[in-house]
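I have placed the structure first, in the form of structure tokens, so that the comments after it can refer back to it.
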Ligand code: GAP
């Protein structure tokens, strides 16, 4: 029977619905032993790459619970809503804009409740479950409210996006980090949204993880800080608004997007950086990657330019949003200045300004899922081919058999490597089954201790990609492991 991603994710310890033994709640997921490692690897890879874009970018870790006043100022208390319709017969709740979009194919995000009611009548829409009539559309609030303290008098919410913690911390970090722009604040952590219809697995969750970089910058000088030459001769995969329905993706020169399409050059520069992350680091095939332009109607009112980053995922039925690049202008800091009465202005070379924000926003769960979707290369055997930097375990150490002579040597090798690498140790079951298990969790290299090796101080290394094995001296193992793990040494070049 072919292995599908869903069953592999469960069976091999990656991810499944939370609180399974109590019947689960929609929209909540648990990462198991392999999933937590895979997520950590993706986060580390992402952090290294995006924090590396500038010396003045930092990781911070703000609280998950935010006071009502902050989220009132940001606009979430009033506007973080989705339109809801419920079936009058069975009570089934659906997101009204999605219901209409699925039928018409056109964006319905900005319809008022009255317009939704008329559309439902015009399109003759009924409940997909029982064919009952829908009641009137309502505005549904998506934040989780909390009453803090013994009397519950301090009103707060679970944060709906990690971004807000960075905005509240901007001024302090600007002072600590010696008053320089651009300043980048990164948050990797949970966000919470009471989604009306959590569905498609981790694609729409109620407790999700985001990895976001907020770049605070001066729009007049930001481009001078970037190496614009990097864009020369480079192209970016895009689907612009007017290509919809005609062409899924087109590769366009950075120069065209700046000169003719009039996108800010710093925006296109970051599109290129994001594309390089996905194609070169995560190894997404080029034809499966695109920037999807959001129209003026579709994008949040504070976004001046907004493209989603989409990947073509077989398990989710086509191109799906995994991240977004948002030019938010000075919206956020201006709102928090008004809400908190703290000045968000900075003084640079005699000029006073409220910095603008360029936001690189990634959904971690969707990206981790994409790794499983894209890299399950053999549905018959369930082989997962992950880059050494992303695999939950880079190496497995396996004694060929459970024999007294082999186990101490295998244990010694495990101890030798585990301080520097993520190494799995397994001595139970046939060697064939153990290799298959490592193939299924994407371990790129298996180190096997056998009887020949006891004679001449060698082990074999097996490469998951090719199933090929090579014999190497134990003295060389650390050096070789370092090369293979970093990608600087390729298995095929190993003598
Ligand atoms: N700070 C900007 C922001 O939060 P967003 O488009 O709402 O923008 C950013 O979310 C990313 O977070 C999305 O591209 C997606 O990958 C992820 N995301 C958003 N809602 C999600 C949900 N309900 N479940 C899983 N991931 C979600």
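Residue numbers (the working numbering): 185 to 679. From the three backbone atoms N, C-alpha and C, an ideal C-beta is built for every residue, glycine too.
Here residue 457 has 237 as same chain residues with Cβ atoms under 7 Å from its own Cβ, once five neighbours each way along the sequence are excluded. If you check the CB distance, residue 465 and residue 213 do not come in under 8 Å. For residue 208, the three-state secondary structure derived from DSSP is coil. In the DSSP assignment, the residues bridged to residue 655 are 644.
The alpha helix (DSSP H) runs of length 4 or more contained entirely in the segment 274-322 are, from start to end of the chain, 280-288, 297-306.
Taking C-alpha positions only, residue 273 is separated from residue 544 by approximately 43 Å. Here residue 641 is exposed: its Cβ has fewer than 16 other Cβ atoms, across all protein chains shown, within 10 Å.
Cβ contact annotation for residue 678 (same chain, cutoff 6 Å, sequence separation greater than five): 654, in chain order.
Within 7 Å of the C-beta of residue 609 there is not a single heavy atom belonging to the ligand GAP. Between residue 336 and residue 302, the alpha-carbon positions lie close to 41 Å from each other. Residue 348 is positioned such that its CB atom lies closer than 8 Å to that of residue 250.
Excluding sequence positions up to five before and after residue 401, its CB lies within less than 7 Å of the CB of 365, 366, 539, 540, 542, all in the same chain and listed in chain order. The closest heavy atom of the ligand GAP lies 7 Å or more from the beta carbon of residue 502. In the three-state scheme derived from DSSP, where H, G and I count as helix and E and B as strand, residue 360 is classed as helix. In terms of Cβ geometry, residue 346 and residue 373 form a close pair [threshold 8 Å]. The shortest CA-to-CA distance from residue 514 to any of 505, 502, 530, 504 is the one to 530. Residue burial annotation: residue 204 is exposed, with fewer than 16 other C-beta atoms found within 10 angstroms of its C-beta.
Only residues of its own chain outside the window of five on either side were considered, and among them 199, 223 have a CB closer than 6 Å to the CB of residue 215, listed in chain order. For residue 492 against residue 478, the beta-carbon gap comes to about 6 Å, under 8 Å, which counts as contact.
For residue 618, the enclosing alpha helix (DSSP H) covers residues 615-624. Beta-bridge partners assigned by DSSP to residue 366: none are found.
When the Cα atoms are used, residue 603 and residue 242 turn out to be separated by approximately 26 Å.
Residue environment: residue 334 is assigned as exposed (fewer than 16 neighbouring CB atoms within 10 Å of its CB, all protein chains considered). 389 is the residue among 383, 389, 363 whose C-alpha sits nearest the C-alpha of residue 375. The beta carbon of residue 396 sits closer than 6 Å to the beta carbons of 346, 347, 371, 545 from its chain, once the five residues preceding and following it are set aside; these are given in chain order. Cα atoms of residue 507 and residue 327: separation of roughly 20 Å, rounded to the nearest angstrom. Leaving aside the five residues that flank residue 487 on each side, the residues in its chain whose CB is nearer than 7 Å to its CB run, in chain order, 510, 511, 512. Across the set 527, 611, 619, the C-alpha of 527 shows the shortest separation from the C-alpha of residue 359. A check of alpha carbon separations from residue 675 across 659, 660, 652 identifies 652 as the nearest. Per DSSP, the continuous alpha helix (DSSP H) segment holding residue 457 begins and ends at 449-460.
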